[in-house]
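Student: If you scroll down you'll find the structure; I have some questions about it.
Listed below in C-alpha coordinates is the structure:
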(Lines of atoms letter the chains of each structure in order from A and count residues from 1; the text may use other names and numbers.)
(Lines give C-alpha, C1' and ligand atoms only; values in the text may rest on other atoms or scores of the structure.)
Protein backbone atom coordinates (compact mmCIF):
# COMPACT_ATOMS: atom_id res chain seq x y z
CA UNK A 1 0.00 0.00 0.00
CA UNK A 2 0.93 3.62 -0.50
CA UNK A 3 0.19 5.89 2.46
CA UNK A 4 0.09 9.60 1.61
CA UNK A 5 0.26 12.04 4.51
CA UNK A 6 -0.32 15.78 4.43
CA UNK A 7 2.13 17.73 6.61
CA UNK A 8 0.29 20.58 8.35
CA UNK A 9 -2.18 19.48 11.05
CA UNK A 10 -1.59 15.84 10.13
CA UNK A 11 2.09 15.30 11.02
CA UNK A 12 2.98 18.75 12.36
CA UNK A 13 0.57 20.99 14.26
CA UNK A 14 0.24 24.46 12.72
CA UNK A 15 -1.75 27.58 13.57
CA UNK A 16 -2.06 30.64 11.31
CA UNK A 17 -3.16 32.76 14.26
CA UNK A 18 0.39 32.47 15.61
CA UNK A 19 1.64 34.01 12.36
CA UNK A 20 -0.84 36.87 12.53
CA UNK A 21 0.00 37.40 16.21
CA UNK A 22 3.68 38.01 15.44
CA UNK A 23 2.85 40.30 12.52
CA UNK A 24 0.37 42.18 14.71
CA UNK A 25 3.08 42.84 17.31
CA UNK A 26 5.77 43.77 14.77
CA UNK A 27 3.51 45.86 12.51
CA UNK A 28 1.47 47.40 15.31
CA UNK A 29 -1.80 46.45 13.67
CA UNK A 30 -4.56 44.91 15.86
CA UNK A 31 -4.78 41.14 15.53
CA UNK A 32 -8.53 41.28 14.88
CA UNK A 33 -7.95 43.45 11.80
CA UNK A 34 -5.32 41.06 10.40
CA UNK A 35 -7.60 38.07 11.04
CA UNK A 36 -10.37 39.81 9.11
CA UNK A 37 -8.11 40.69 6.16
CA UNK A 38 -6.12 37.46 5.89
CA UNK A 39 -7.17 35.02 3.20
CA UNK A 40 -5.48 32.30 1.19
CA UNK A 41 -5.96 34.02 -2.15
CA UNK A 42 -4.25 34.03 -5.53
CA UNK A 43 -0.81 35.12 -4.26
CA UNK A 44 -0.91 32.41 -1.59
CA UNK A 45 -1.62 29.76 -4.23
CA UNK A 46 1.03 31.13 -6.60
CA UNK A 47 3.60 30.97 -3.83
CA UNK A 48 2.74 27.37 -3.05
CA UNK A 49 3.17 26.46 -6.73
CA UNK A 50 6.57 28.17 -6.79
CA UNK A 51 5.34 30.73 -9.33
CA UNK A 52 6.40 33.79 -7.31
CA UNK A 53 9.40 34.35 -5.05
CA UNK A 54 9.32 34.59 -1.27
CA UNK A 55 9.98 38.33 -1.53
CA UNK A 56 7.16 38.86 -4.02
CA UNK A 57 4.80 36.90 -1.80
CA UNK A 58 5.79 38.90 1.29
CA UNK A 59 5.25 42.20 -0.53
CA UNK A 60 1.87 41.11 -1.90
CA UNK A 61 0.59 39.74 1.39
CA UNK A 62 1.72 42.77 3.38
CA UNK A 63 -0.14 44.97 0.89
CA UNK A 64 -3.28 42.86 1.23
CA UNK A 65 -3.07 43.03 5.02
CA UNK A 66 -2.24 46.74 5.07
CA UNK A 67 0.85 46.15 7.20
CA UNK A 68 4.42 47.41 6.90
CA UNK A 69 7.03 44.71 7.64
CA UNK A 70 10.59 44.08 6.55
CA UNK A 71 11.20 40.74 4.82
CA UNK A 72 12.95 39.55 7.98
CA UNK A 73 9.94 40.49 10.11
CA UNK A 74 7.59 38.84 7.64
CA UNK A 75 9.68 35.66 7.76
CA UNK A 76 9.77 35.63 11.57
CA UNK A 77 5.99 35.63 11.62
CA UNK A 78 5.64 33.15 8.76
CA UNK A 79 7.71 30.54 10.61
CA UNK A 80 5.70 30.98 13.81
CA UNK A 81 3.01 28.81 12.21
CA UNK A 82 4.71 25.63 13.45
CA UNK A 83 3.79 24.30 16.89
CA UNK A 84 5.27 20.81 17.08
CA UNK A 85 5.32 17.27 15.71
CA UNK A 86 2.63 14.67 16.34
CA UNK A 87 4.93 11.92 17.55
CA UNK A 88 2.21 9.25 17.37
CA UNK A 89 1.93 9.84 13.64
CA UNK A 90 5.70 9.72 13.16
CA UNK A 91 5.75 6.38 14.99
CA UNK A 92 2.94 5.04 12.78
CA UNK A 93 4.78 6.12 9.62
CA UNK A 94 7.87 4.19 10.73
CA UNK A 95 5.73 1.16 11.55
CA UNK A 96 4.03 1.23 8.14
CA UNK A 97 7.39 1.29 6.39
CA UNK A 98 8.69 -1.57 8.52
CA UNK A 99 5.65 -3.56 7.40
CA UNK A 100 6.71 -3.07 3.77
CA UNK A 101 4.41 -0.20 2.83
CA UNK A 102 5.46 2.94 1.00
CA UNK A 103 4.99 6.17 3.01
CA UNK A 104 5.15 9.62 1.44
CA UNK A 105 4.28 13.20 2.36
CA UNK A 106 2.28 15.42 -0.01
CA UNK A 107 2.20 19.02 1.15
CA UNK A 108 1.10 22.39 -0.14
CA UNK A 109 4.04 24.44 1.05
CA UNK A 110 6.56 27.09 0.05
CA UNK A 111 10.29 27.62 0.07
CA UNK A 112 10.28 29.76 3.24
CA UNK A 113 8.71 26.96 5.25
CA UNK A 114 11.01 24.39 3.66
CA UNK A 115 14.05 26.27 4.91
CA UNK A 116 12.61 25.93 8.39
CA UNK A 117 10.69 22.77 9.25
CA UNK A 118 13.24 20.15 8.04
CA UNK A 119 15.80 21.71 10.40
CA UNK A 120 13.35 22.03 13.30
CA UNK A 121 11.76 18.60 12.81
CA UNK A 122 14.32 16.23 11.23
CA UNK A 123 12.26 13.25 12.36
CA UNK A 124 9.60 14.08 9.76
CA UNK A 125 11.90 13.47 6.80
CA UNK A 126 13.27 10.33 8.42
CA UNK A 127 9.75 8.88 8.69
CA UNK A 128 8.94 9.20 4.97
CA UNK A 129 10.22 7.42 1.88
CA UNK A 130 9.71 10.56 -0.21
CA UNK A 131 8.37 14.08 0.23
CA UNK A 132 6.29 15.70 -2.54
CA UNK A 133 6.07 19.49 -2.24
CA UNK A 134 3.71 21.72 -4.20
CA UNK A 135 6.36 24.37 -4.83
CA UNK A 136 8.65 21.81 -6.50
CA UNK A 137 5.84 20.22 -8.52
CA UNK A 138 4.34 23.46 -9.83
CA UNK A 139 0.89 22.35 -8.70
CA UNK A 140 -1.03 22.18 -5.43
CA UNK A 141 -3.85 20.31 -3.77
CA UNK A 142 -6.74 20.06 -4.57
CA UNK A 143 -5.68 20.08 -8.25
CA UNK A 144 -6.32 16.52 -9.47
CA UNK A 145 -3.03 16.31 -11.37
CA UNK A 146 -0.93 16.53 -8.20
CA UNK A 147 -2.47 13.30 -6.93
CA UNK A 148 -2.12 11.68 -10.34
CA UNK A 149 1.55 12.67 -10.45
CA UNK A 150 2.23 11.08 -7.05
CA UNK A 151 0.50 7.85 -8.10
CA UNK A 152 2.48 7.73 -11.36
CA UNK A 153 5.79 8.49 -9.63
CA UNK A 154 5.12 5.74 -7.08
CA UNK A 155 3.84 3.26 -9.68
CA UNK A 156 0.69 2.69 -7.63
CA UNK A 157 -2.97 2.60 -8.70
CA UNK A 158 -5.49 4.78 -6.84
CA UNK A 159 -7.12 1.80 -5.15
CA UNK A 160 -3.80 0.92 -3.51
CA UNK A 161 -3.38 4.36 -1.88
CA UNK A 162 -4.66 5.91 1.35
CA UNK A 163 -4.53 9.68 1.85
CA UNK A 164 -4.66 11.69 5.10
CA UNK A 165 -5.38 15.44 5.00
CA UNK A 166 -7.03 18.10 7.14
CA UNK A 167 -8.62 20.02 4.24
CA UNK A 168 -12.05 18.78 3.03
CA UNK A 169 -11.44 20.06 -0.53
CA UNK A 170 -8.20 18.05 -0.75
CA UNK A 171 -10.01 14.95 0.55
CA UNK A 172 -12.82 15.33 -1.99
CA UNK A 173 -10.37 15.70 -4.88
CA UNK A 174 -8.44 12.58 -3.89
CA UNK A 175 -11.64 10.57 -3.47
CA UNK A 176 -12.79 11.66 -6.94
CA UNK A 177 -9.70 9.87 -8.31
CA UNK A 178 -10.52 6.72 -6.35
CA UNK A 179 -8.02 7.23 -3.52
CA UNK A 180 -9.27 6.13 -0.08
CA UNK A 181 -9.06 9.31 2.00
CA UNK A 182 -9.28 10.15 5.69
CA UNK A 183 -10.28 13.64 6.83
CA UNK A 184 -8.01 14.53 9.77
CA UNK A 185 -10.06 16.82 12.00
CA UNK A 186 -7.84 16.51 15.08
CA UNK A 187 -4.77 14.71 16.44
CA UNK A 188 -6.74 11.58 17.41
CA UNK A 189 -7.93 10.71 13.89
CA UNK A 190 -4.81 9.09 12.40
CA UNK A 191 -3.97 6.87 15.41
CA UNK A 192 -7.65 5.89 15.72
CA UNK A 193 -7.79 4.91 12.03
CA UNK A 194 -5.02 2.37 12.49
CA UNK A 195 -6.38 1.05 15.81
CA UNK A 196 -9.71 0.38 14.09
CA UNK A 197 -7.97 -1.54 11.29
CA UNK A 198 -6.16 -3.93 13.63
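Numbering (the working numbering), first residue to last: 337 to 534. Where a beta carbon is used, it is the ideal one built from N, C-alpha and C, also for glycine.
Would DSSP call residue 524 helix, strand or coil?
Tutor: Residue 524: coil per DSSP, three-state reduction.
Student: When DSSP labels each residue in this structure, what does residue 474 get in the three-state scheme?
Tutor: The answer is coil: DSSP assigns residue 474 none of H, G, I, E or B.
Student: Indicate, with yes or no, if the ligand FAD has a heavy atom lying under 7 Å from the CB of residue 436.
Tutor: This structure lacks the ligand FAD; in fact it carries no ligand of any kind.
Student: Mind checking which residues open and close the alpha helix (DSSP H) that includes residue 491?
Tutor: Element bounds for residue 491: n/a, residue is neither H nor E.
Student: Name the one or two DSSP bridge partners that residue 466 has.
Tutor: Answer is 440, bridged to residue 466.
Student: What first and last residue would you give for the alpha helix (DSSP H) that runs through residue 430?
Tutor: Counting along the chain, the alpha helix (DSSP H) containing residue 430 begins and ends at 423-434.
Student: Do residue 447 and residue 490 have their C-beta atoms within less than 8 Å of each other?
Tutor: For residue 447 and residue 490, no; Cβs fall outside 8 Å.
Student: Just to confirm, are residue 456 and residue 418 a CB contact at a threshold of 8 Å?
Tutor: Going by C-beta atoms, residue 456 is nearer than 8 Å to residue 418.
Student: With burial defined as no fewer than 16 other Cβ atoms inside 10 Å of the residue's Cβ, what is the status of residue 360: buried or exposed?
Tutor: Buried.
Student: Residue 400 to residue 386, Cα distance in whole Å?
Tutor: Cα to Cα, residue 400 sits roughly 19 Å from residue 386.
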